[in-house]
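K.L.:
In this note's numbering, the protein residues as written are 90 to 345. Built from N, CA and C at the ideal position, the CB exists for glycine as well. Nothing here was measured: the structure is a model prediction, and the numbers come from that model.
1. Measuring alpha carbon to alpha carbon, tell me which residue in 118, 115 and 109 is nearest residue 128.
2. With the cut-off set at 8 Å, would you say residue 212 and residue 253 are in Cβ contact?
3. Who are the near neighbours of residue 276 in its chain, counting only those whose CB is closer than 8 Å to its CB and skipping five residues on each side?
4. Specify the secondary structure class of residue 261 as computed by DSSP and reduced to three states.
5. Would DSSP call residue 308 helix, strand or coil?
6. Who pairs with residue 223 in a beta bridge, going by DSSP?
7. With contact counted as at least three CB pairs below 8 Å, one residue from each stretch, are the region 302-309 and the region 114-126 in contact?
8. Please check the pair residue 234 and residue 174, which I expect to be a contact at CB under 8 Å, by giving their CB distance rounded to whole angstroms.
9. What do you reckon, are the CB atoms on residue 243 and residue 218 nearer than 8 Å?
10. Going by Cα to Cα distance, which pick from 216, 329 and 187 is closest to residue 251?
11. Please name the residue, chosen from 119, 167 and 155, that lies closest to residue 99 on a Cα-to-Cα basis.
12. Can you check whether the CB of residue 94 is closer than 8 Å to the CB of residue 120?
13. Name the residue from 150, 214, 209 and 222 whose alpha carbon lies nearest to the alpha carbon of residue 192.
14. Roughly how many angstroms lie between the CA atoms of residue 197 and residue 343, to the nearest whole one?
15. Applying the criterion that 16 or more other CB atoms from any shown protein chain within 10 Å of the CB defines a buried residue, is residue 178 buried or exposed?
As structure tokens, then:
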């Protein structure tokens, strides 16, 4: 058992399936009291019933107060997991860009705005942001997703550097492919880049709990991402050339 989460009040957004459901199950197994949030009320209730949690369906941007009340007035851990995998290029519609920004970034900002006054007053709190390796690197064929996941990572990083001396712990989870509905929806680009090394949602939860125990900010369920991230920083042209090679492979495959 991880002592830091035993009897903690935990909120997991987008927890009706995939990574969110895996996180909710793991927190419950570790002795936490878990609020399961999802836009789909039926899926939220199903996971909540399974783990002995509390279903609070609805928009992840607006459930902090209700979730706090459901947990008896205190949120100890908030997992900003809900996200949208918007594909497309710079030509994606304004609505696509707006939705990606709202869900992948601003939902995190709004949650932190609600949570931080209490956390700072008592000197403790844990914010878990499900980002993506795309937030450290990028993803071909998915400009709105890549750009907004960079934003999610930047916000998590800012929270950590700003409030860590005041007792707020922050973790940014950055997996590559995970066998979820989002991976399925990523289409041929996901099949090329993500599917070959895809892991299970439970593997992501395991990586997070290892990171909690070791007090790490950056959680990499695919350890090789650290090497890619280093290459991106130290040899950007070489890294971009490699990513462009993937882009060309994808274009050639989809043209057949």
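P.N.:
Short version:
1. Looking up residue 128 in the chain shown gives position 39. Of the listed residues, the one whose Cα sits closest to residue 128 is 109.
2. For the purposes of this step, residue 212 is identified with residue 123 of the chain shown, where counting begins at 1. For the purposes of this step, residue 253 is identified with residue 164 of the chain shown, where counting begins at 1. It is not a contact, given that the beta carbons lie outside the stated cut-off.
3. Here the question's residue 276 lines up with position 187 in the chain shown. Spatial neighbours of residue 276 in its own chain (CB-CB distance under 8 Å, excluding positions within 5 residues in sequence) are listed in chain order as 176 and 230.
4. As a working mapping, residue 261 is identified with position 172 in the chain shown. Strand at residue 261.
5. Indexing the chain shown from 1 puts residue 308 at position 219. DSSP places residue 308 in strand when its eight states are reduced to three.
6. As a working note, residue 223 is residue 134 in the chain shown. Under DSSP, residue 223 shares a beta bridge with no residue.
7. With a cut-off of 8 Å on Cβ pairs, the region 302-309 is not in contact with the region 114-126, counting fewer than three such pairs.
8. For the purposes of this step, residue 234 is identified with residue 145 of the chain shown, where counting begins at 1. For the purposes of this step, residue 174 is identified with residue 85 of the chain shown, where counting begins at 1. Sure, about 5 Å apart at Cβ, within 8 Å.
9. Looking up residue 243 in the chain shown gives position 154. Looking up residue 218 in the chain shown gives position 129. Not a contact, by the Cβ cut-off of 8 Å.
10. Mapped onto the chain shown, residue 251 falls at position 162. It is 216.
11. Translated into positions along the chain shown, residue 99 becomes position 10. Ranking the options by Cα distance to residue 99, first place goes to 167.
12. Within the chain shown, residue 120 is the residue found at index 31, counting from 1. Within the chain shown, residue 94 is the residue found at index 5, counting from 1. Going by beta carbons, residue 120 and residue 94 fall inside the 8 Å limit.
13. Walking along the chain shown from the start, residue 192 turns up at place 103. Measuring from the Cα of residue 192, the nearest candidate turns out to be 150.
14. Indexing the chain shown from 1 puts residue 197 at position 108. Indexing the chain shown from 1 puts residue 343 at position 254. Taking the straight line joining both Cα atoms gives about 35 Å.
15. As a first step, residue 178 is located in the chain shown; it is residue number 89 there, counting from the start. Its Cβ having fewer than 16 others within 10 Å, residue 178 is exposed.
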